[in-house]
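Numbering (my numbering), first residue to last: 138 to 287.
Heads up, the beta-carbon is just placed ideally off N, CA and C, and yes, glycines get one too.
Values in this document were obtained by computation on a predicted structure and should not be read as measured data.
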């Protein structure tokens, strides 16, 4: 059961993250947003609605949608939370619709693109910034979070 919407950790972190290119994302805000999706019991739909009330820039909406969907692709995201996040992502569809992207063929590692970012209409992605999330997606860290919230 989700707790009442009182601590907008995700919407606050997204607010910080969407203001600049994602490959220059603030590590603390990135970690805060990811942990809000993966480990908090905040209602993601409420968080997304709070974010959407404050933002109308198409670029900011695309960045936020990309980030939320990207967080669902990490293996530490519980299935129920992924479903909740994907449902919340539907709220972005009116303002920042996704595009169909054909996968690239075999290309050099340095020439690869982030197909998820391209599908959100972005020429940027998290890139190496995703490494800041690595310590927070281990089974050990997840177990600590589950124990602390129990």
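When the five nearest sequence neighbours on each side are left out, the beta carbons in the same chain lying within less than 6 Å of the beta carbon of residue 274 are those of 211 and 213, in order along the chain.
Annotation: the continuous alpha helix (DSSP H) that includes residue 284 extends over 276 to 286. Taking the CA atoms as reference points, residue 224 sits about 7 Å from residue 182. Rounded to whole angstroms, the separation of the alpha carbons of residue 170 and residue 218 is 14 Å. Minimum Cα-Cα distance from residue 252 among the listed residues 280, 206 and 268 corresponds to 206.
Take residue 175, set aside five residues on each side of it, and the residues of its chain with a beta-carbon closer than 6 Å to its own are 213 and 214, in chain order. When only Cα atoms are considered, residue 278 and residue 272 end up about 7 Å apart. Secondary structure note for residue 173: its alpha helix (DSSP H) is the uninterrupted segment 164 to 175.
Residue 177 is classed as buried because its beta carbon has at least 16 other beta carbons within 10 Å across all chains shown.
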